[in-house]
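If you're matching positions, the sequence shown starts at 9 in this note's numbering and goes up one per residue. Virtual Cβ for every residue (Gly too), placed ideally from N, Cα, C. Note that this is a predicted model, so its numbers are computed, not measured. The structure appears below as structure tokens.
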Amino acid sequence: MRTMGENMKYSKSNTVRKKKIFSRTCAEWKNMKFWSGNDLCRLDWILSILILAGLFVTCVYGDIRLTGNRSFLMYHHFTDFYEASYKQSGGYWANYLPSTFIAYAIWNLPLYLAGHAPEAILTNSFINNMWYKLLPVILYFITAQLMYKIGRKMGFGEKKSLLCKFAFLVFPMGVFSQFIFSQYDIFTVFFMVLGVYLFFSGKMWQFALAFGMAATFKYQAVLYFAALLLLKEKKIRNLLRYAVIMFIPMAVEILPNWNSPAFQRCVFGFGALESVQKSFTIGFFSGINLMAAVAAFVLVWAYQKKTTEDEALASWAVFFGVAVSFALFGFSGWNPQWILLMVPFLVLNIFINENGNLMLMLTSIFMLGLYIFCSQSMINESVVNGGFLKYLIGDRSFAVRMWDVYRFHDQELLCTAMWVVLLLYTVFGHPRYHKKKGNVISKGLVWQIRAAFLFGVAAFVLPLSVCVAGVFQGKIVFTDNSRQNMEMENIVMLEENQPVVQEITSDGTMLSDIRIRVYAQSGTELHSLKIVLRDKETGEVLYERETDTYGLKENTALYSFLKHSVPVEKGKTYQLELSSDAPEGAGIGLYCVASKKASELLVSPQTEKNLPKRSLQMRVTGVE
Numbered sequence: 009m010r011t012m013g014e015n016m017k018y019s020k021s022n023t024v025r026k027k028k029i030f031s032r033t034c035a036e037w038k039n040m041k042f043w044s045g046n047d048l049c050r051l052d053w054i055l056s057i058l059i060l061a062g063l064f065v066t067c068v069y070g071d072i073r074l075t076g077n078r079s080f081l082m083y084h085h086f087t088d089f090y091e092a093s094y095k096q097s098g099g100y101w102a103n104y105l106p107s108t109f110i111a112y113a114i115w116n117l118p119l120y121l122a123g124h125a126p127e128a129i130l131t132n133s134f135i136n137n138m139w140y141k142l143l144p145v146i147l148y149f150i151t152a153q154l155m156y157k158i159g160r161k162m163g164f165g166e167k168k169s170l171l172c173k174f175a176f177l178v179f180p181m182g183v184f185s186q187f188i189f190s191q192y193d194i195f196t197v198f199f200m201v202l203g204v205y206l207f208f209s210g211k212m213w214q215f216a217l218a219f220g221m222a223a224t225f226k227y228q229a230v231l232y233f234a235a236l237l238l239l240k241e242k243k244i245r246n247l248l249r250y251a252v253i254m255f256i257p258m259a260v261e262i263l264p265n266w267n268s269p270a271f272q273r274c275v276f277g278f279g280a281l282e283s284v285q286k287s288f289t290i291g292f293f294s295g296i297n298l299m300a301a302v303a304a305f306v307l308v309w310a311y312q313k314k315t316t317e318d319e320a321l322a323s324w325a326v327f328f329g330v331a332v333s334f335a336l337f338g339f340s341g342w343n344p345q346w347i348l349l350m351v352p353f354l355v356l357n358i359f360i361n362e363n364g365n366l367m368l369m370l371t372s373i374f375m376l377g378l379y380i381f382c383s384q385s386m387i388n389e390s391v392v393n394g395g396f397l398k399y400l401i402g403d404r405s406f407a408v409r410m411w412d413v414y415r416f417h418d419q420e421l422l423c424t425a426m427w428v429v430l431l432l433y434t435v436f437g438h439p440r441y442h443k444k445k446g447n448v449i450s451k452g453l454v455w456q457i458r459a460a461f462l463f464g465v466a467a468f469v470l471p472l473s474v475c476v477a478g479v480f481q482g483k484i485v486f487t488d489n490s491r492q493n494m495e496m497e498n499i500v501m502l503e504e505n506q507p508v509v510q511e512i513t514s515d516g517t518m519l520s521d522i523r524i525r526v527y528a529q530s531g532t533e534l535h536s537l538k539i540v541l542r543d544k545e546t547g548e549v550l551y552e553r554e555t556d557t558y559g560l561k562e563n564t565a566l567y568s569f570l571k572h573s574v575p576v577e578k579g580k581t582y583q584l585e586l587s588s589d590a591p592e593g594a595g596i597g598l599y600c601v602a603s604k605k606a607s608e609l610l611v612s613p614q615t616e617k618n619l620p621k622r623s624l625q626m627r628v629t630g631v632e
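Here it is in structure tokens:
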């Protein structure tokens with residue numbers, strides 16, 4: 009225990025250290041050029057901060073709003089939080105361990121004292137949303153500073169370590185997860201990066217504890233911890249000791265809630281856990297979990313790898329971090345914001361790799377594929393209706409969606425491209441390619457970091473701008489049931505002598521597009537397709553086109569059935585008739601859902617009397 013005098017000395021030395029850090033940072037800023045093509049400069053920092061700030065106030069995905077709103081229950085329902093959460097939300101479960109909600113409860117205390125507690129879980133307050141988002145952003149910048157410290161530990165030197173910090177801040181995967189999708193996976197990443205720093209510092213029990221804290225936010229941290237631990241420690245007793253330390257934070261949160269049925273249903277029954285349970289068959293063996301198999305291979309490899317030098321240890325640690333990421337994201341289902349977990353290892357690998365420039369280029373390919381893939385259902389108006397744009401566009405849905413702007417909808421090819429990128433990360437992440445060690449910076453790396461950042465932002469912002477512009481142009485959504493669940497038993501087939509007739513009510517003066525979700529079997533032959541739009545009351549044909557089913561190949565995709573806009577009258581009902589010469593069982597059909605509006609009904613084929621009325625699963629847009 010320190011004496012009073014020792015405490016004063018400690019406090020004084022701490023203050024001096026902070027002053028030195030501050031003065032050093034100011035000196036570095038003053039000595040940095042405003043613009044330099046080949047080096048990190050002031051303009052890089054200024055532009056990146058402005059861009060990130062713009063994304064910060066624009067994009068807010070619903071998850072952070074729900075979690076932030078829900079955390080206020082901690083003040084009055086700390087011991088029965090999960091039961092209270094279920095009752096408050098009307099069935100939306102709180103799926104995380106208490107640490108996430110405790111963190112937000114502490115952070116939200118100023119809002120609570122200022123009278124900004126939300127009325128309900130779905131309350132969409134701009135002030136609250138920005139406050140919720142600020143906490144993970146602060147952690148994001150702190151994590152970037154830890155990346156700088158890790159760089160110094162790895163012998164990068166001042167210049168390269170600072171560039172490593174900047175690269176983490178603007179890395180497209182991180183920018184997407186933190187500033188566009190506005191999630192809080194940085195809680196996990198912060199403790200993981202802290203753990204890596206402690207790992208390189210030789211502080212093993214602190215390293216285990218940091219990863220234990222990371223695991224209370226996202227369970228994937230356990231796998232990263234296991235790989236690093238097995239690389240460093242070979243004695244069974246040490247492995248067990250550090251494993252116990254790692255599990256202590258999780259035990260502290262789980263055990264007090266163990267007897268709660270709501271907790272078990274919420275946390276252990278979380279649907280996302282099923283994403284790692286997908287299996288495949290190889291010959292005689294069936295039900296093989298490929299993610300578990302690849303992860304096990306990586307862990308065995310880490311255990312048998314013996315390193316004596318610190319430089320080699322750091323190199324292999326980075327590689328195994330990348331390899332674990334490949335196991336997690338290459339062989340299981342995942343939510344898009346989770347990619348933040350692999351960012352620290354990818355960034356470090358880029359800086360020690362002779363192919364670092366190539367990896368940054370591959371990152372751009374990955375992000376473009378991810379944007380297009382997510383734009384079908386996740387990246388739309390829901391990303392911006394909690395930011396400042398809500399005051400300009402309100403709660404109106406985008407008539408033009410990012411999915412339409414990208415105009416490339418081959419999901420199999422998109423997934424293949426992203427998987428190949430993950431594979432290349434791993435292959436070229438092997439230590440044999442780690443030849444840029446020390447303070448050596450690859451030629452052109454600064455330009456590649458800039459290009460990847462700007463491309464990653466532009467690939468999202470430009471399509472989003474088109475969507476927002478459509479709102480200001482008066483384009484609206486007449487009806488949209490395309491986000492409902494698809495049911496195989498509720499499909500109408502396009503068959504000869506059986507036209508499909510759908511009623512549509514106009515909410516504007518111009519019908520811009522009708523997109524219908526299509527069921528398409530693989531290997532379907534080419535057949536004719538006739539599209540007719542007529543006035544229900546008069547029978548007048550407003551639109552008519554004869555084409556074929558050639559383009560209807562992607563199962564579950566929304567396809568446009570209008571090639572140009574059609575003038576209509578607001579409030580009138582129209583009939584869309586689709587017919588084909590396809591024989592029975594030809595393999596082209598249209599998804600249906602239970603109709604909520606009486607005016608939006610599938611007229612033909614008729615639904616049986618004892619079944620609810622149906623509507624085609626569609627998205628109809630027009631001009632107000």
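- Scanning the segment 181 to 251 for uninterrupted alpha helix (DSSP H) segments of 4 residues or longer gives 194 to 208, 212 to 225 and 229 to 240, listed from N- to C-terminal end.
- When the beta-carbon positions are compared, residue 113 and residue 83 come within less than 8 angstroms of each other.
- Rounded to whole angstroms, the Cβ separation of residue 376 and residue 502 is 33 angstroms, and the two are not in contact under 8 angstroms.
- Rounded to whole angstroms, the separation of the alpha carbons of residue 614 and residue 293 is 47 angstroms.
- One thing to note: residue 594 has its Cβ no nearer than 8 angstroms to the Cβ of residue 561.
- Residue 409 is classed as buried because its beta carbon has at least 16 other beta carbons within 10 Å across all chains shown.
- Shown here, residue 56 sits in a helix according to DSSP, grouped into three states.
- Two segments are said to touch when three or more pairs of C-beta atoms, one from each, lie closer than 8 angstroms; by this definition the segment 550 to 566 does not touch the segment 455 to 465.
- Residue 536 is bridged by DSSP to 556.
- The Cβ atoms of residue 472 and residue 432 lie no closer than 8 angstroms to each other.
- In chain order, 608 and 628 place their CB closer than 6 angstroms to the CB of residue 487, counting only its own chain and leaving out the 5 sequence neighbours on each side.
- In the DSSP assignment, residue 382 falls within the alpha helix (DSSP H) that extends over 364 to 382.
- Listed in chain order, the alpha helix (DSSP H) runs fully inside the segment 297 to 337 are 298 to 312, counting runs of at least 4 residues.
- In this structure residue 360 is buried. Its beta-carbon is surrounded by 16 or more other beta-carbon atoms within 10 angstroms.
- Taken through DSSP and simplified to helix, strand or coil, residue 465 comes out as helix.
- For residue 473, the secondary structure class from DSSP, reduced to helix, strand or coil, is helix.
- Taking every protein chain shown into account, the CB of residue 242 has fewer than 16 other CB atoms within 10 angstroms, so this residue is exposed.
- Taking all protein chains in view, the Cβ of residue 553 is surrounded by fewer than 16 other Cβ atoms within 10 Å, so the residue is classified as exposed.
- Boundaries around residue 501 are those of the beta strand (DSSP E), 499 to 501, since no alpha helix (DSSP H) includes it.
- By the beta-carbon neighbour count (other beta carbons within 10 angstroms, threshold 16), residue 579 is exposed.
- A distance below 8 angstroms separates the beta carbons of residue 64 and residue 145.
- Taking 8 angstroms as the cut-off, the Cβ atoms of residue 380 and residue 429 do not count as close.
- Residue pairing for residue 142: DSSP places it in no beta bridge.
- About 6 angstroms separates the Cβ atoms of residue 583 and residue 511, confirming a contact at the 8 angstroms cut-off.
- Taken through DSSP and simplified to helix, strand or coil, residue 484 comes out as strand.
- The C-alpha of residue 447 is placed about 34 angstroms away from the C-alpha of residue 189.
- Using a Cβ distance threshold of 8 angstroms, residue 518 and residue 573 count as a contacting pair.
- Here residue 152 carries a helix assignment [DSSP, helix/strand/coil].
- Contact check for residue 351 against residue 181 passes: the beta carbons are separated by less than 8 angstroms.
- Distance check between residue 468 and each of 62, 37 and 38 places 62 closest, using alpha-carbon atoms only.
- For residue 153, same chain residues with a beta-carbon under 8 angstroms away, outside a window of 5 residues either side, are 173 in chain order.
- Under the three-state reduction of DSSP output, residue 271 falls in the helix class.
- In the three-state DSSP reduction, residue 105 falls in the coil class, being neither helix nor strand.
- In this chain, the alpha helix (DSSP H) harbouring residue 360 covers 351 to 360.
- In this model, residue 349 and residue 499 are separated by some 39 angstroms (Cα to Cα).
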